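Each remark here refers to the structure printed beneath this line.
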Amino acid sequence: MLPLTEKDLRGSFVNASLRERTALTLPPEFASLAWDNLDYLGWRDRKLPNVGYVVIALDSVPVGVMVRRADSKPRSRAQCSWCEDVHLPNDVVLFSVKRAGQAGRNGDTMATFVCAEFECSANVRKRPPVAYVGFDVEAARQRRITTLGEHVRRFVRSVRDGT
């Protein structure tokens, strides 16, 4: 993930109004984030517990989306659609997002199951269990990191492009 300034961060959101971008609460410890260990920047707003933010670099340009946590919880344990971790130590919740542009103004939304506190970057960096003799744990870990980036970029592009 590319390091961002507060101005870059606030200006990156494609589906939030100027008022929403101005009012957003920055992630905890924003000034000291370990950018190299993040595939995307995701956090929940401390003032608005059902609101979250996701920012990722698309073609070296930061693009952010504002998401809202669904009020209802899944009936069974859901799998995060971004990190696909089956050994999650955390909750997975449904987040909905208003699409950018005219589609969003028309009420078009989409949703996805994601780790409740956006812990995906840490989850994919954990060593996966050895599946069989000769299993390349490091290669599997690298695939998980790559796949996470692809999933988040696809989601954010879909929000941005209204497709």
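Numbering (our numbering), first residue to last: 323 to 485.
We put the CB at the ideal spot given by N, CA and C, even for glycine.
Computed from a prediction, not measured in an experiment: that's the story for all the values here.
Self-check item: Range covered by the beta strand (DSSP E) that runs through F385
Solution: Position 63 of the sequence shown, counted from the start, is the residue given in the question as residue 385. Reading the sequence as shown, one finds Val at residue 385 and not Phe. For V385, the enclosing beta strand (DSSP E) stretches over residues 383-391.
Self-check item: Backbone secondary structure at G429 - three-state DSSP
Solution: Locating residue 429 in the sequence shown gives position 107, where the first residue counts as 1. In the three-state scheme derived from DSSP, where H, G and I count as helix and E and B as strand, G429 is classed as coil.
Quiz prompt | Paired residues, beta bridge with R366 - DSSP | solution = Here residue 366 is taken as the residue at index 44 of the sequence shown, counted from 1. G374.
Quiz item: Do S334 and V389 come within 8 Å of each other at the CB atom, strictly closer than that value?
Solution: As a first step, residue 389 is located in the sequence shown; it is residue number 67 there, counting from the start. As a first step, residue 334 is located in the sequence shown; it is residue number 12 there, counting from the start. Remark: C-beta atoms of V389 and S334 do not approach each other more closely than 8 Å.
Quiz item: What are the start and end residues of the beta strand (DSSP E) that includes V415?
Solution: As a first step, residue 415 is located in the sequence shown; it is residue number 93 there, counting from the start. Where V415 is concerned, the enclosing beta strand (DSSP E) stretches over 414-420.
Practice problem: Please report how far the alpha carbon of R463 lies from the alpha carbon of Y454, in whole angstroms. | Solution: Residue mapping note: residue 463 aligns to position 141 of the sequence shown, counting from 1. Residue mapping note: residue 454 aligns to position 132 of the sequence shown, counting from 1. Roughly 15 Å separates the two Cα atoms.
Exercise. Take the Cβ of E441 as the centre, count every other Cβ of all protein chains shown within 10 Å, and call the residue buried at 16 or more, exposed below.
Key: For the purposes of this step, residue 441 is taken as the residue at position 119 of the sequence shown. Around the beta carbon of E441, 16 or more other beta carbons sit within 10 angstroms, so the residue counts as buried.
Exercise. Whole angstroms is fine: what's the gap from S354's alpha carbon to N428's?
Key: In the sequence shown, residue 354 corresponds to position 32, counting from 1. In the sequence shown, residue 428 corresponds to position 106, counting from 1. Roughly 38 Å between the two C-alpha positions.
Quiz item: Taking buried to mean at least 16 other C-beta atoms within 10 Å of its own C-beta, is S339 buried or exposed?
Solution: Numbered from its first residue, the sequence shown carries residue 339 at position 17. Residue burial is scored here from C-beta neighbours: S339 has fewer than 16 other C-beta atoms within 10 angstroms and is therefore classed as exposed.
Exercise. Kindly list the residues whose CB is nearer than 6 Å to the CB of R466, restricted to its own chain and excluding five residues on each side of it in sequence; keep chain order.
Key: Taking the first residue of the sequence shown as 1, we reach residue 466 at position 144. V446, listed in sequence order.
Quiz item: So, do the stretch 362-375 and the stretch 340-350 have three or more beta carbon pairs nearer to each other than 8 Å?
Solution: At 8 Å Cβ cutoff, the stretches touch.
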